[in-house]
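>
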Amino acid sequence: MKTQIFKNDILKENYSLATLDNGLKVYIMEKPEFNTVYAVFGTKYGSIDTAFSLNGGKTVKVPEGIAHFLEHKLFESEDGDAFTKYAKTGAYANAFTSFDKTCYLFSCSSMFEENLDILLNFVQSPYFTAATVEKEQGIIGQEIRMYDDSPSWCVLFNTLRAMYHNNPVKIDIAGTVESIAQIDDKLLYECYNTFYNPSNMFICIAGNVDATKVIAKISSLVKNTAPVKIERITPDEPETVVSGYIEKNLDVALPLFCFGYKLNLKNEPTLYDTVCFDVLLKIISSDITPLYKKLTDEKLINDEFDGEFFTGRGYAALLFDGESAEPKRVAESIKQEVLRIKKEGIDKECFEAVKRDIYGGVIKRYNSVEDIVMSFIDSAVCDYNSFDELEIIKNLKVEDVEKYLEYLVLENTVLSVVSPR
3 MKTQIFKNDI LKENYSLATL DNGLKVYIME KPEFNTVYAV FGTKYGSIDT
53 AFSLNGGKTV KVPEGIAHFL EHKLFESEDG DAFTKYAKTG AYANAFTSFD
103 KTCYLFSCSS MFEENLDILL NFVQSPYFTA ATVEKEQGII GQEIRMYDDS
153 PSWCVLFNTL RAMYHNNPVK IDIAGTVESI AQIDDKLLYE CYNTFYNPSN
203 MFICIAGNVD ATKVIAKISS LVKNTAPVKI ERITPDEPET VVSGYIEKNL
253 DVALPLFCFG YKLNLKNEPT LYDTVCFDVL LKIISSDITP LYKKLTDEKL
303 INDEFDGEFF TGRGYAALLF DGESAEPKRV AESIKQEVLR IKKEGIDKEC
353 FEAVKRDIYG GVIKRYNSVE DIVMSFIDSA VCDYNSFDEL EIIKNLKVED
403 VEKYLEYLVL ENTVLSVVSP R
């Protein structure tokens with residue numbers, strides 16, 4: 003086992019990163035002044051992992067939605083449901099599957115060791131049968147139909163469907179009713195044994211704990227499984243978008259929109275790239291910008307307006323979303339603002355204000371055990387030091403960010419709208 007201590011003098015914080023012999027990475031930040039502990043046991047396995055090979059073997063293709071299905075099923079075991087066990091300790095427990103990861107979590111103010119035992123036990127003890135899988139297909143089928151009628155969910159996934167030709171990011175995380183019907187217990191075990199190997203997993207904890215003791219406990223309870231080599235197979239993706247406009251009618255009072263630039267990056271974005279795109283996003287659309295003032299003055303947006311650098315393996319986009327009576331005018335205003343900034347350059351006062359805002363947000367993150375753990379998850383999935391972000395922001399220059407404007411190509415934009423029926 004190898005343990006590293008990372009320190010940051012500005013934050014006056016440090017965290018431990020232990021890499022166990024089986025490859026599992028454990029991130030822990032001690033926060034003795036807090037009463038609560040937040041913990042996550044996660045795997046780098048998400049909805050886009052639909053084709054893979056293990057240790058150089060044959061390519062395996064699995065139904066869409068299987069990562070999310072596996073998340074649901076893992077809470078069940080031969081000796082009872084994990085939620086029932088957490089109820090006895092008083093802990094809050096949950097789980098989520100995203101495009102590139104699945105995470106199981108709990109937070110508690112007491113009985114931390116007992117809660118950690120529950121987490122380590124059920125995540126490492128899969129129990130699937132044909133009967134329980136069939137039952138879950140009905141439950142998740144209902145969930146899929148519910149999301150089909152969710153305006154915010156539809157406006158995002160319609161954006162991705164219009165943006166991506168082949169990348170599985172365009173598929174709903176839960177899959178489809180048809181795809182989950184193909185899932186059986188054998189497939190679940192195959193995916194579990196591939197992606198729930200400790201070498202592909204991580205544990206992130208922040209709160210009132212002793213890092214040395216927790217690492218020792220985890221080391222004694224995590225299975226000593228040999229590391230595996232997973233090759234994830236991502237289909238080739240054209241630079242173009244599928245369609246520039248997509249619309250759906252649902253029961254909404256005001257149209258919802260998502261407008262985005264498909265970003266054709268040559269490599270997976272680094273932490274530096276992510277910071278630069280985050281800064282650029284705020285320079286275009288945050289509430290201190292000319293665009294935001296223009297859109298609010300013209301009553302084209304409300305306080306739901308937001309933006310995101312949306313990225314993962316094989317995909318990246320700059321997204322702007324919100325509510326508007328005239329989504330097309332909002333999209334056109336964003337396009338014109340990007341063209342203006344490309345022509346005139348980034349305003350230095352705006353740049354400095356955005357930098358300060360982002361820098362302050364990163365510092366504020368360390369006042370929340372949940373935010374700390376979420377930052378550790380990003381570090382684990384993307385393999386970087388959590389503290390590096392502050393140094394990058396601090397040293398960033400306006401010309402550094404201006405270089406990223408070239409990725410915002412007018413022809414590669416998509417507007418998705420959910421309109422009232």
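In the working numbering, the protein residues as written are 3 to 423. Quick reminder that beta carbons are idealized off the backbone N, C-alpha and C, glycines included.
Which value, in whole angstroms, describes the spacing of the CA atoms of V356 and K366?
Rounded to whole angstroms, V356 to K366 spans 15 Å at the Cα level.
> Return the Cβ separation of K27 and N16 in integer angstroms, given the expectation that the two are a contact with Cβ distance under 8 Å.
About 17 Å; that fails the 8 Å criterion.
> Could you name the residues that DSSP lists as bridge partners for F312?
DSSP lists A319 as partners of F312.
> In the segment 212-261, which residue ranges form an unbroken alpha helix (DSSP H) of at least 4 residues, counting only runs that do not cross its ends?
Runs found: 213-223.
> To the nearest angstrom, report how far apart Y274 and T134 are at their CA atoms.
Taking the straight line from one Cα to the other gives about 45 Å.
> Assuming F259 contacts V332 under a Cβ cut-off of 8 Å, what Cβ separation, rounded to an integer in Å, is found between them?
Indeed they touch by this definition, with Cβ atoms about 6 Å apart.
> Roughly how many angstroms lie between the CA atoms of V211 and D402, to the nearest whole one?
Each residue's alpha carbon lies about 40 Å from the other.
> N117 by DSSP, collapsed to three states: which one?
Note: N117 maps to helix in three-state DSSP.
> Nearest to E241 by alpha carbon, out of R358, E306 and A164?
Per the Cα distances, A164.
> How many angstroms separate the CA atom of K172 from the CA atom of V62?
Cα to Cα, K172 sits roughly 20 Å from V62.
> For the beta strand (DSSP E) holding V416, just list the boundary residues, first then last.
Counting along the chain, the beta strand (DSSP E) containing V416 begins and ends at T415 to P422.
> Tell whether a beta-carbon distance below 7 Å holds between D187 and A132.
Yes; because the gap between Cβ atoms is below 7 Å, this pair is in contact.
> Alpha carbon to alpha carbon, what distance is there between Q338 and L431?
Any question about residue 431 goes unanswered here, given that the chain covers just 3 to 423.
> Look at the Cβ atom of P237, then the Cβ atom of S201, and state whether they are nearer than 7 Å.
No, Cβ-Cβ distance for P237 and S201 is not below 7 Å.
> Scan the segment 31-82 and note each continuous beta strand (DSSP E) run of 3 residues or more that stays entirely inside, going in chain order.
Counting whole runs of 3 or more residues, the segment 31-82 contains the beta strand (DSSP E) stretches 39-45 and 53-56.
> Just reading off the alpha helix (DSSP H) that E428 is part of, what are its end residues?
The chain is shown from 3 up to 423; residue 428 falls before or after that span and cannot be answered.
> Would C110 and A93 be called neighbours here (beta carbons separated by less than 7 Å)?
Closer than 7 Å, so yes.
> Please determine, among L407, L56 and G67, the residue with the shortest C-alpha to C-alpha distance to G177.
The residue with the shortest Cα to Cα distance from G177 is G67.
> Rounded to a whole number of angstroms, what is the C-alpha to C-alpha distance between F36 and I141?
Using only the alpha carbons, I get a separation of about 38 Å.
> Taking 7 Å as the threshold (C-beta atoms), are Y191 and L282 in contact?
Not a contact, by the Cβ cut-off of 7 Å.
> Identify which residue in C193, G44, L341 and L256 has its Cα closest to the Cα of Q157.
It is Val, not Gln, that sits at residue 157 in the sequence shown. For the residues C193, G44, L341 and L256, the minimum Cα distance to V157 belongs to L256.
> In chain order, what residues of the same chain lie with their CB nearer than 6 Å to the CB of F307, ignoring the 5 residues before and after it?
Only G324 meet the Cβ criterion.
> N168 to A89, Cα distance in whole Å?
Looking at the two C-alpha atoms, the distance is approximately 42 Å.
> Go ahead and pull the three-state DSSP assignment for Q184.
Coil at Q184, not helix or strand.
> For Y294, name the three-state secondary structure that DSSP assigns.
The answer is helix: DSSP assigns Y294 an H, G or I state.
> Would you call G44 buried or exposed, if buried means 16 or more other Cβ atoms sit within 10 Å of its Cβ?
Buried, by the Cβ-count rule.
> Within a Cβ cutoff of 7 Å, which residues of the same chain sit near E249, ignoring the five residues on either side of it in sequence?
So the list reads V419 and S421, once near-sequence residues are dropped.
> Tell me where the beta strand (DSSP E) around N96 begins and ends.
Per DSSP, N96 belongs to the beta strand (DSSP E) from Y94 to T99.
> Opposite A208 in the DSSP bridges: which residues?
Note: A208 sits in a beta bridge opposite M31 and Y40.
> Considering only residues of the same chain and omitting the five flanking positions on each side of S381, which have a CB-CB separation below 6 Å?
Closer than 6 Å at Cβ, skipping near neighbours: S388.
> Identify which residue in T214, E351 and F71 has its Cα closest to the Cα of I175.
Checking every option, the nearest Cα to that of I175 belongs to F71.
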